[in-house]
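Shown next, in structure tokens, is the structure this report addresses.
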Amino acid sequence: MPINFVKALNMSLETLQRGIQISQIAPWLGDIALKYGYLGAFFMSFLGSISIVFPVPYTMMIFVMGGLLDPKLLALSAGAGSALGEMLGYIIGYCGGSFISEERRRRMKTIARIFEKYGVVAVFIFALTPLPDDLILIPIGIMHMPFIKAFIPCLFGKIAMCFILAYSGKFLGGLAVEFAGGEANPIIAIAAGIFLVVIIIAILKIDWEKLLLEGHKFIKPSSNK
68 MPINFVKALN MSLETLQRGI QISQIAPWLG DIALKYGYLG AFFMSFLGSI SIVFPVPYTM
128 MIFVMGGLLD PKLLALSAGA GSALGEMLGY IIGYCGGSFI SEERRRRMKT IARIFEKYGV
188 VAVFIFALTP LPDDLILIPI GIMHMPFIKA FIPCLFGKIA MCFILAYSGK FLGGLAVEFA
248 GGEANPIIAI AAGIFLVVII IAILKIDWEK LLLEGHKFIK PSSNK
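For the sequence shown, the residue numbers in the numbering used here are 68 to 292.
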């Protein structure tokens, strides 16, 4: 793979990082991922998913690495790391539910009704899309629902998400090289990351909890309530 292609993708990542003021830890995680390959992707995704401690948009790095590594193996390793990291939300809800105020608990129970109605599909969708996983995993933990029912759909959702990101990086990176006559065009590489910026803005700027609570009237309680 041409060195200029790698440089162009790195330039894209650095530019996007400056644009959304990503933490200084992001380049460090990127170096680990590129140095240690799939193990690095697992580690990076695990830390990136512990959003409370490491607010790192690791999805950008998966996108970039898709042009450098086997997308299938990258999706498996990064998806597994991401799913494990997201389980922190479940653990917080499971162990710390007693410290949550009654008003907050009531709101969480309302969100948990999504899981009661749609089951593992809801967790899968939250894991696959920009929807914040903690928004449903914490309520599931508070309700002491089985861990396996939260982890398995989250794992498949994260693998699917990483699969899409990795192949998007591979495909768009290939286009960048092809249209530039064998050398990557930095402008094309940067443009390829705009989609990821939109995802990150959606995660950070939209009040997902408010949207779900406003829409809970469309979710009927289960018949045994």
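Even for Gly, the Cβ is constructed at its ideal location relative to N, Cα and C.
- The beta-carbon separation of Ala147 and Ile129, rounded to 12 Å, does not stay under the 8 Å limit for a contact.
- Here Asp137 carries a coil assignment [DSSP, helix/strand/coil].
- Between the region 147-161 and the region 202-220 there are three or more inter-stretch CB-CB distances shorter than 8 Å, so the stretches are counted as touching.
- For Ile209, the uninterrupted alpha helix (DSSP H) run begins and ends at Asp201 to Ile209, by DSSP.
- In this chain, the alpha helix (DSSP H) harbouring Leu195 covers Val187 to Leu195.
- Here the alpha carbon of Gly236 sits roughly 28 Å from the alpha carbon of Ala217.
- In the structure shown, Leu198 adopts coil according to DSSP, grouped into three states.
- The C-beta separation of Ala142 from Cys229 comes to about 4 Å, placing the pair in contact by the 8 Å criterion.
- Put simply, the backbone Cα of Tyr125 is about 7 Å away from that of Met111.
- Taking the Cα positions, Tyr103 is about 14 Å away from Asp137.
- Annotated as distal: Leu106 and Gly152, with beta-carbon spacing of 8 Å or more.
- Cβ atoms of Met132 and Ala108 come within 8 Å of each other, at about 6 Å.
- In this model, Tyr185 and Leu239 are separated by some 34 Å (Cα to Cα).
- Boundaries cannot be given for Met212, as no alpha helix (DSSP H) includes it and DSSP labels it neither H nor E.
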